[in-house]
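Data first, discussion second: the structure below is written as structure tokens.
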Amino acid sequence: PAPGGTLALDGEPTAVTLVGDTAFVGLNTSESYVDPSGELLAVSMSGRQVVARCPLPGQPDSLASAPDRSLVAIAIENERDEDLNDGAIPQLPAGAVVIAPLADGALDCNALITADVTGLAEVAPSDPEPEFVDVNAEGEIVVTLQENNHIVVLSPNGAVLSHFSAGSEDLSGIDTGEEGAFDFTAEQPGRLREPDAVGWIDDDHFATADEGDYEGGSRGWTIFNQDGTVVYADATRFERALILAGHYPEERSGNKGVEPESIEVASFDGVPHVFVGSERGSIIGVYALDGLTPTLTQLLPSGIGPEGIKALPERGLLITANEVDLREENGPGAHVMIYQLQDGPAAYPTITSEEAIGWNAISGMVADESEPGVLYAVNDSFMGLQPRIFRVEVQADGKGLITAHVDVNREGVPAQKLDLEGIATDGNGGFFLASEGRSDRLIPHALYNVDENGTIQDEIAFPPELLAVERRFGAEGIARDGDTLWIAIQREWADDPDHHAKLVSYNLESEAWGVVHYPKAAPGKGWVGLSEITIQGDHAYIVERDNQIAGEAVTKKIFRVSLDQMQPVPLDAETIPVVEKELVRDLLPDLMQWNGYVQDKVEGFAIDAAGTGYVSTDNDGVDDHSGETHFWSIQID
């Protein structure tokens, strides 16, 4: 795709639908919640200019055009002020649905029809807030009243054909806390669906994304007959799929779980499909329909915050619009993602769990000492109340499968104030873990020896000589070479030369600490640090990365250092030796293979018993992140 230009508008464009060469645009011009206003614009795509505009009786939120190009429907939401009375409704003025008949595709402002949808819902009937509209082949309009938990079907001239409550779901096995831990044991009986997006499947049935907004959100999606009969209720199946894929947004779980917000319906190769977008999980569920029975066939990483989905089946394409803009925080700007239907296995996800274990934020890996294709990984401080060690088994297709886990604990109580960034085997069935400290959050810089059950057996605090020069960016990896542990410090501490980071050693027998310096790349932008250390054979392998994404990413590399060079000196030595590094692999081409934007956090690397290397990225707990965890193998010479 290439940029086609922009058109400045005096207001906030909220939705668009295309009819031939004309783009119909809903423009919000409201000055306040109590004085909402808007316009419907007709924009010539070829001329890049507004050719007509009609005033609307409030704030437009969604547009849809009839398949036969006979009309455009507009949901006039007149959204509530969430700071007024805790967002309780009613808050007038009421919303409505506007129907714009088209004559040969042309807009006639005098022909607009305003359909009154007040007095229908059980919840705040005087204040309907239409959220989303869609039009079927018969010109019938379905509209969701999200906050009212109601659905209305209108005729082309605005008559109410049917209306009914969207109903509720009895949810169980869900997480309703935001405590930095997964706990899928809660229940929410009678949880209102409060549907957001809606899309016709055929002339009698439509699908809704049940995001919730006011007092509900059933975390899934539903197929309705237009008479109000529920044909299919997803319950928590969609959410469970996201849990397995590491896309569950724990930071938002107390609200509405994965928050399904967007819906698109289209047929590919003659098979009807429903596409369901999770706003907070940043993923699209692809469902194939056999009649009205859906089967989840694929998950697509969408980018951050998918608000809209558009299918182009004649071109084999699916497009998502992702609204979150993180450029000020070193993240991606708002963007679109384009997917192409192909004949082959799904490229994503690359790592999943066998059951609803609950995982994300993979930050360090180590290989099993004897069994090829078996790895162990840890999560970082995002799951501060639930530090975990995961067993990962590489499948025949090269993807990872998390088959088991243990919680890091102190005598059965989950250990807290840990930021696990590295893991190494201890030779006795247990592990050494490196926790990156942050004194401002009372998280100590320390190493932990745990048994096979994750129970802490020994805690090794960093010595005073190290703590005297500490900075926030501490231990990012740990590896064991016989009786010596090596810890990679991510960035310069107070006494380090520019562009040099410490490799710290700890002798398990003598309890002596030592250090060498590692020369890391100078950043093109942002910073460069160490993310992982792995020892195999005669070398230590070190992951070096910058904190940049997409086109700004420069350094995502694996280097190795001969163990012969790693002769540590005491921490207080006047001169610290600098090791020489050798490039093993530039990971940028690997990170580009999925065709999304390049992820910044390459944080896991391990070499298994057969000599195969495995790399993983950290998805930051899906918090202001696409949620993608990439896991792949590389060959090590």
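This note's numbering applies: residue 172 is where the sequence shown begins, and numbers increase by one.
Think of the CB as a built atom: it goes at the ideal place given N, C-alpha and C, for glycine as much as any other residue.
query: M763: first and last residue of the uninterrupted alpha helix (DSSP H) it sits in; result: L759 to M763
query: Of the residues G276, D239, G197 and R219, the one placed nearest N249, counting alpha carbons only; result: G197
query: Rounded Cβ spacing between A292 and P261 (contact assumed at less than 8 Å); result: No, A292 and P261 are not in contact; Cβ-Cβ is about 10 Å, not under 8 Å.
query: In DSSP terms, what C280 is bridged to; result: For C280, which the question treats as bridged, DSSP gives no partner whatsoever.
query: Run of the alpha helix (DSSP H) containing G425, from where it starts to where it stops; result: S424 to K427
query: For A194 and I245, the rounded distance between their alpha carbons; result: 14 Å
query: With 16 other Cβ atoms within 10 Å as the buried cut-off, status of N281; result: exposed
query: Among S552, R411 and L470, nearest to A459 - alpha-carbon criterion; result: L470
query: Range covered by the alpha helix (DSSP H) that runs through P635; result: P635 to L638
query: Host beta strand (DSSP E) of R362 (start-end); result: A357 to L363
query: Whole-Å CB distance - A271 paired with L283, under 8 Å assumed; result: 5 Å
query: Pair within 7 Å by beta-carbon distance, G697 and N718; result: yes
query: Burial state of E897 (16 or more Cβ within 10 Å); result: Since the displayed the chain opens at 172 and closes at 808, residue 897 lies outside it and no answer follows.
query: Limits of the unbroken alpha helix (DSSP H) element including E410; result: R408 to L415
query: Residue(s) in a DSSP beta bridge with T188; result: F195
query: Own chain, CB closer than 8 Å to I778, minus 5 neighbours either side, in chain order; result: A538, T705, Q707, Y712, G784, Y785 and I807
query: V545 versus T626 - alpha carbon distance; result: 21 Å
query: 7 Å Cβ cutoff met for T379 and T393; result: yes
query: Bridge-paired residues (DSSP) for I509; result: I490
query: Contact between the stretch 567 to 584 and the stretch 685 to 694 (3+ Cβ pairs under 8 Å); result: no
query: Segment limits, beta strand (DSSP E) that includes H444; result: V442 to S449
query: Euclidean distance between Cα positions of E751 and A416; result: 39 Å
query: Three-pair Cβ contact test at 8 Å for the stretch 662 to 676 versus the stretch 593 to 612; result: no
query: Cutoff 7 Å: P543 Cβ touching any chain B Cβ; result: The structure shown contains no chain B; it holds only a single protein chain.
query: D590: first and last residue of the uninterrupted beta strand (DSSP E) it sits in; result: Unbroken run through D590: none, as it is neither H nor E.
query: Same chain, Cβ closer than 7 Å to N809, neighbours up to 5 away in sequence not counted; result: One cannot answer for residue 809 here, as it falls past the ends of the chain, which runs 172 to 808.
query: The stretch 296 to 308 / the stretch 349 to 356 touching (three or more Cβ pairs under 8 Å); result: no
query: CB of A781 within 7 Å of CB of S541, strictly; result: no
query: Distance CB(S233)-CB(F335) smaller than 7 Å; result: no
query: Spatial distance of Q220 from N396 (CA atoms); result: 40 Å
query: Contact under 7 Å by Cβ, V362 with S389; result: Checking the sequence, you will find Arg at residue 362 rather than Val. Cβ distance < 7 Å, so R362 and S389 count as in contact.
query: Which listed residue (D257, T468 and E592) has its alpha carbon closest to that of I614; result: E592
query: Integer-rounded CB distance, given that V288 should sit under 8 Å from W371; result: Rounded, the Cβ-Cβ distance is 18 Å, inconsistent with contact.
query: L550, buried or exposed, once every other Cβ within 10 Å from all chains shown has been counted against 16; result: The sequence as given places Asn at residue 550; Leu does not occur at that position. With 16 or more Cβ atoms within 10 Å of its Cβ, N550 is classed as buried.
query: Pairwise C-alpha distance: E365 and G387; result: 6 Å
query: Segment limits, beta strand (DSSP E) that includes G479; result: P477 to L483
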